[in-house]
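To start, the structure itself, in structure tokens.
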Amino acid sequence: MSVLVTGGTGALGYHLLSLLTAAKGELHSFSDESPFPWQRWNHVQYHTGNLLNFKEVLEVLRKTKPAEVYHLASQSSVGMSYLKPYETLSTNLLGTQNLLEAVRQIVPKCRVVLLSSAEVYGRGRGNLTTLHTETDTLNPLTPYATSKACMELLGSQFHNANGLHVTTVRPFHFTGPNHSRRFALPSIAYQLIQIRLTRGEPVIFTGNLDVTRDVVDVRDLARALVVVMSTAPSGETYNICSGQCHTFREMAEQLIERSKLNIEIRLDPNLERQNDIPLLLGSGEKLMQLGWKPIIAIDDSIGDLYNEMEARIKREGLVD
796 MSVLVTGGTG ALGYHLLSLL TAAKGELHSF SDESPFPWQR WNHVQYHTGN LLNFKEVLEV
856 LRKTKPAEVY HLASQSSVGM SYLKPYETLS TNLLGTQNLL EAVRQIVPKC RVVLLSSAEV
916 YGRGRGNLTT LHTETDTLNP LTPYATSKAC MELLGSQFHN ANGLHVTTVR PFHFTGPNHS
976 RRFALPSIAY QLIQIRLTRG EPVIFTGNLD VTRDVVDVRD LARALVVVMS TAPSGETYNI
1036 CSGQCHTFRE MAEQLIERSK LNIEIRLDPN LERQNDIPLL LGSGEKLMQL GWKPIIAIDD
1096 SIGDLYNEME ARIKREGLVD
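Numbering (our numbering), first residue to last: 796 to 1115.
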């Protein structure tokens, strides 16, 4: 038996691979880039390739013969999806088509978990305080959300028509150590640490901070994926969320407090989203019935994000 994680060099892939052990068999990562030395786990074999190249995907499946596939690889930035809508749809839909077709041909008994997103719910309908459940109608508002909604339909097709074991997860917002600077909270942490290390102007630039999100730690998210893989029936979909929400302003202020700086926050119009969703809050009851619950407090997530970002900057010489 072996396990394949696509997108294994991202923050979620990094923490997922740290959870999986040799007891699961050989562990493999397939990404479009090689891991940095600090991202590399000794118990994992790393493969690079293009998810949009079916021959490369097929070859990786032939080499690894996985019994489990965690499909995390995607274009995952909502902001970038506006700038590159075709690339977003290609990667998230056609890349998934290549993977599922390769699974169908090479390892049709394989269990597959697809990583979608709570962004597929959009603004929803009705009360702002309503918890989104897995049966809510999808209402995608961004190219990224649309690509993920289409990916879910594709997974259903392979489950219904070909009998593949496919489950889907919809994480709400997540954060924590190793998260990319392309996202809001890691970007804020990066700016704060740069200011402290270089004694630069005490100003940070952000997008709209007055939005509210259900937030889980990336390490809790990784644990949830393992639970879904091992216990969830095929064809099911699961929210991954806490049922509690925080504003980005609140979380940014926690990062500022940790920096011990007197900081001015300025809005950068280039970081504002079109069609921003004021609130995304979910019900995790269905997943919790499988035995998962979040265990890492948001304060710890933010503290660990800040500390890891500081270590990353010093290790990689990222001081401006």
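We put the CB at the ideal spot given by N, CA and C, even for glycine.
Residue 990 sits close to residue 1056, with the two beta carbons spaced by under 8 Å. Taking residue 868 as the centre and dropping the five residues before and after it, the same chain places the C-beta of 801, 802, 846 closer than 6 Å to its C-beta, in chain order. Of the residues 865, 961, 825, 946, the one whose Cα lies closest to the Cα of residue 885 is 946.
Counting only the Cα atoms, residue 994 lies some 59 Å from residue 958. With contacts defined as CB atoms closer than 8 Å, residue 825 and residue 855 qualify as a contacting pair. Taking a contact to require three or more Cβ pairs closer than 8 Å, the region 904–913 and the region 962–976 qualify as touching.
Boundaries of the alpha helix (DSSP H) around residue 983: 979–993. Under the three-pair Cβ rule at 8 Å, the region 1026–1034 counts as touching the region 923–933. Note that the C-beta distance between residue 1089 and residue 1025 is not below 8 Å. As summarised for the region 856–925, the continuous beta strand (DSSP E) elements at least 3 residues long and confined to that stretch are 863–866, 906–910, given in chain order. For residue 895, same chain residues with a beta-carbon under 6 Å away, outside a window of 5 residues either side, are 953 in chain order. Membership of residue 1008 in the beta strand (DSSP E) is indicated by the continuous run 1007–1012.
Residue 970 and residue 862 have their C-alpha atoms roughly 29 Å apart. Only buried fits residue 960, as 16 or more other CB atoms lie within 10 angstroms of its CB.
Your pair residue 950 and residue 934 does not check out as a contact, with CB atoms roughly 19 Å apart and the cut at 8 Å. Here residue 1077 is bridged, per DSSP, to 927. Two segments are said to touch when three or more pairs of C-beta atoms, one from each, lie closer than 8 Å; by this definition the region 831–842 does not touch the region 888–903. One alpha carbon belongs to residue 1047, the other to residue 1018, and they sit about 26 Å apart. Just measuring C-alpha positions, the residue of 838, 1008, 809 sitting nearest residue 1041 is 1008.
Nearest C-alpha to residue 1043 among 874, 1004, 882, 893: 1004. Runs of the alpha helix (DSSP H) spanning 4 or more residues and lying entirely within the region 818–861 occur at 849–859, in chain order. As the crow flies, the alpha-carbon of residue 1020 is around 11 Å from that of residue 810. Going by C-alpha positions, residue 955 is about 38 Å away from residue 976.
Taking C-beta atoms as the reference points, residue 985 and residue 1104 count as a pair closer than 8 Å. In this chain, residue 932 is not harboured by any beta strand (DSSP E), its DSSP state being neither H nor E. Note on residue 878: under 16 other CB atoms within 10 angstroms of its CB, so exposed under the neighbour-count rule.
With a threshold of 16 other beta carbon atoms within 10 Å, residue 857 falls short and is exposed.
Assignment of residue 799 by DSSP, reduced to helix, strand and coil, places it in the strand class. Where residue 1061 is concerned, the enclosing beta strand (DSSP E) starts and stops at 1059–1062. A check of alpha carbon separations from residue 941 across 905, 873, 1001, 974 identifies 873 as the nearest. Residue 1107 and residue 1071 have their C-alpha atoms roughly 30 Å apart.
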